[in-house]
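Working notes, beginning with the structure itself.
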Amino acid sequence: MPGPREDSHQRQLGMTYRTVQRLADAATPEELFTGQWQNRTSVLDECKPYLDDRWNQGCTNAWKLWEEIVPLGYRGSYGRVRAYLHKKRTWPRLVTAGPPSPRAVAGWILRRPESLAEAETLQLKTVRAHCPELDALTRHVRRRWFGTCPWTRP
1 MPGPREDSHQ RQLGMTYRTV QRLADAATPE ELFTGQWQNR TSVLDECKPY LDDRWNQGCT
61 NAWKLWEEIV PLGYRGSYGR VRAYLHKKRT WPRLVTAGPP SPRAVAGWIL RRPESLAEAE
121 TLQLKTVRAH CPELDALTRH VRRRWFGTCP WTRP
């Protein structure tokens with residue numbers, strides 16, 4: 001039975017006694033976030049790995065993905081799939097560096113190795129590891145221009 005204090009709060013706030021009591025008993029705001037919707041399974045949970053894989057493959061059309069998961073046993077609505085994918089659209093994406101420009105790679109190859117910055121040396125090493133032709137060219141240039149052969153450039 002509500003006491004006189006809770007009863008007045010209940011009337012002022014327009015809430016039930018149980019809601020007022022729950023709010024009053026909470027020691028921290030985090031305690032208020034536990035409830036019937038927390039950690040509850042969704043109809044979409046079984047399809048999320050598939051949707052994530054397809055999303056990472058570049059398929060971002062919610063309707064197409066919904067059509068793909070219905071034959072796999074998904075019985076939920078299109079709107080739920082669309083809402084899940086909308087969250088993925090608004091997530092911050094990883095920023096990845098693009099490949100170096102041909103001009104930058106040529107500059108790294110044609111400069112003396114000791115004049116390259118550490119980051120440039122690492123990038124050139126990566127380029128050489130992925131492209132055998134550029135590796136051969138770099139070895140040739142360094143032997144020919146920066147080597148100790150008498151016909152090399154000073």
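full-length UniProt numbering puts the first residue of the sequence shown at 1, with every later residue one more than the last.
Where is the CB? At the ideal position from N, CA and C, for every residue including glycine.
Beta-carbon contacts of residue i that lie in its chain and below 7 Å, excluding the five residues immediately before and after
{"i": "K88", "result": "W55"}
{"i": "M15", "result": "none"}
Distance CB(residue i)-CB(residue j) smaller than 8 Å
{"i": "L44", "j": "Y84", "result": "yes"}
{"i": "I69", "j": "L51", "result": "yes"}
{"i": "V81", "j": "A104", "result": "no"}
{"i": "V127", "j": "L134", "result": "yes"}
{"i": "L23", "j": "C47", "result": "no"}
Own chain partners of residue i with C-beta closer than 8 Å, once the 5 adjacent residues on each side are dropped
{"i": "P113", "result": "T121, R142, F146"}
{"i": "P154", "result": "No answer about P154 holds up, because its pLDDT of 48 lies below 50 and its placement is not dependable."}
Whole-angstrom distance between residue j and residue i, CA atom to CA atom
{"i": "A136", "j": "W91", "result": "42 Å"}
{"i": "D25", "j": "Y74", "result": "41 Å"}
{"i": "Q21", "j": "T34", "result": "15 Å"}
{"i": "Y78", "j": "S42", "result": "14 Å"}
{"i": "W66", "j": "D53", "result": "14 Å"}
{"i": "S8", "j": "T19", "result": "13 Å"}
{"i": "G58", "j": "K64", "result": "12 Å"}
{"i": "Q12", "j": "H86", "result": "39 Å"}
{"i": "G76", "j": "E30", "result": "30 Å"}
{"i": "P100", "j": "R111", "result": "16 Å"}
{"i": "A129", "j": "T96", "result": "19 Å"}
heavy atom of the ligand ZN below 7 Å from residue i C-beta
{"i": "R103", "result": "Absence of the ligand ZN from the depicted structure is noted, as is the absence of any ligand whatsoever, leaving it without description."}
Neighbourhood of residue i by C-beta, 6 Å cutoff - its chain only, sequence neighbours within 5 removed
{"i": "A106", "result": "none"}
Closer than 8 Å to chain C by CB, residue i
{"i": "A62", "result": "You won't find chain C in this structure, because it holds only one protein chain."}
Go through the stretch 12-46 residue by residue and report every complete run of the alpha helix (DSSP H) that reaches 4 residues or more, in order. 17-25
Which parts of the stretch 66-130 are runs of the beta strand (DSSP E), unbroken and 3 residues or longer, counting only runs that do not cross its ends? none
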